[in-house]
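Counting from 1 along the sequence shown, just add 69 to a position and that's the residue number in my numbering.
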Amino acid sequence: MDPQSAAESQYRALIDGWNAGDAEAMGAVLTAESLVVGFDGSQLVGRAAATRELGRIFADHPTARYVTKIRSVRSLGPDAGIVYAVAGMVPPGGGPIMPDRNVVQTVVASRADGTWAVALFQSTPAQLHGRSDEQEA
């Protein structure tokens, strides 16, 4: 699999795991040493820590669902790729996207021993304030 396809596939797997409230599914696509940077700036280092904390989050309360739009995917070499995306969040139970939860997301996927996994998943708040690049996720 080429780096762009692999990175996009890994990103979609993370989002599908989040939307399903499935910490194990999300953890399954992370590298053992991954870094997950949350909306609030929290940092989860490593697959085990990320899976554990995501499991706690999903068990604690219903989470909003991501609606995403991939802006670009590119290769960082034969064994790495990067995805830039924007995402909005739909509240539990449905409704319109919550503008205060808009994010810019970055995923860096890498290949080791023939297996692709996510080394970095970062969600950065994006207020955008009506600029022309405002997302319509």
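By construction, the Cβ of each residue, glycine as well, lies at the ideal position given by its N, Cα and C atoms. Remember, predicted model here, so these are calculated numbers, not experimental data.
*Starting from Ile84, trace the beta strand (DSSP E) both ways and give me its first and last residue.*
Careful: Ile84 lies outside any beta strand (DSSP E), inside the alpha helix (DSSP H) at Pro72 to Ala89.
*asked:* Spatial neighbours of Ala118 within its chain, please: C-beta separation below 8 Å, excluding the five flanking residues on both sides.
replied: none
_Buried versus exposed, by CB contacts within 10 Å (16 or more), Ala181_ = exposed
_Beta-carbon within less than 6 Å of Gly157's beta-carbon, same chain only, minus the 5 sequence neighbours each way: which residues are those?_
Val136, Ile166, Asn171 and Ala206
_My output table needs one value for Met158: the three-state DSSP class, helix, strand or coil._
strand
*Would you kindly work out how many angstroms separate the C-alpha atoms of His130 and Gln174, rounded to a whole number?*
23 Å
*asked:* For Met95, count the other beta carbons within 10 Å of its own beta carbon; 16 or more makes it buried, fewer makes it exposed. Which is it?
replied: buried
*Whose C-alpha, out of Pro194, Arg143 and Ala92, is nearest the C-alpha of Pro168?*
Pro194
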